[in-house]
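Undergrad:
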Amino acid sequence: MDPDDLLCYCFHVTHRKVMNYVRIHRPRVASELSECGGAGTGCGWCVPFLKRHFQAGQCRQNDVEIELSAAEYAQRRQAWLAQRSGRSGASVGREADGRVSDREESGGPTGMAD
Ligand code: FES
């Protein structure tokens, strides 16, 4: 994926915006990334990717490679949303206040490249 590709579809937040947020604000916990344009506070699809950005920032690395094309990323999100809509009570990785959870998700997006 390219830096200007969308990372969070719900809030139209790009990789570049998240990378810059991490570089400038140096969040202490992954949930602070929700303050980057609301990233991760919608459907929850992008939360694992936000966590990767956060972890890279902890290591003072600014590059996060996502081994998917923008089209594949979007398709997997659609499939994940469709699968999720078939379940009841699914967690989307958000705290009660709407911030992104730091907890690992069970049932979140799968098949992501590391
Ligand atoms: S894609 Fe980021 S919350 Fe939905």
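Mind the numbering: the sequence shown is residues 9 to 122 in our numbering, read in order.
Quick reminder that beta carbons are idealized off the backbone N, C-alpha and C, glycines included.
Since we're looking at a predicted model, the values are computed, not measured.
(1) Among the candidates Q63, F57 and Q66, whose CA atom is the shortest distance from the CA of R85?
(2) Between which two residues does the alpha helix (DSSP H) harbouring L89 extend?
(3) Can you tell me which of the three DSSP states V72 falls into?
(4) Could you tell me if S42 is buried or exposed, where buried requires 16 or more neighbouring beta carbons within 10 angstroms of its beta carbon?
(5) Residue range of the beta strand (DSSP E) that L15 falls in?
TA: With the given structure in hand:
(1) Sequence index remark: in the sequence shown, residue 85 carries index 77 (1-based). Here the closest residue by C-alpha is F57.
(2) To locate residue 89, count along the sequence shown from 1; it is residue 81. A78 to S93 is the extent of the alpha helix (DSSP H) around L89.
(3) Stepping through the sequence shown from its first residue, residue 72 is reached at position 64. V72 falls in the coil class under three-state DSSP.
(4) In the sequence shown, residue 42 corresponds to position 34, counting from 1. Buried, because 16 or more other Cβ atoms sit within 10 Å of the Cβ of S42.
(5) To locate residue 15, count along the sequence shown from 1; it is residue 7. L14 to C16 is the span of the beta strand (DSSP E), which, as asked, contains L15.
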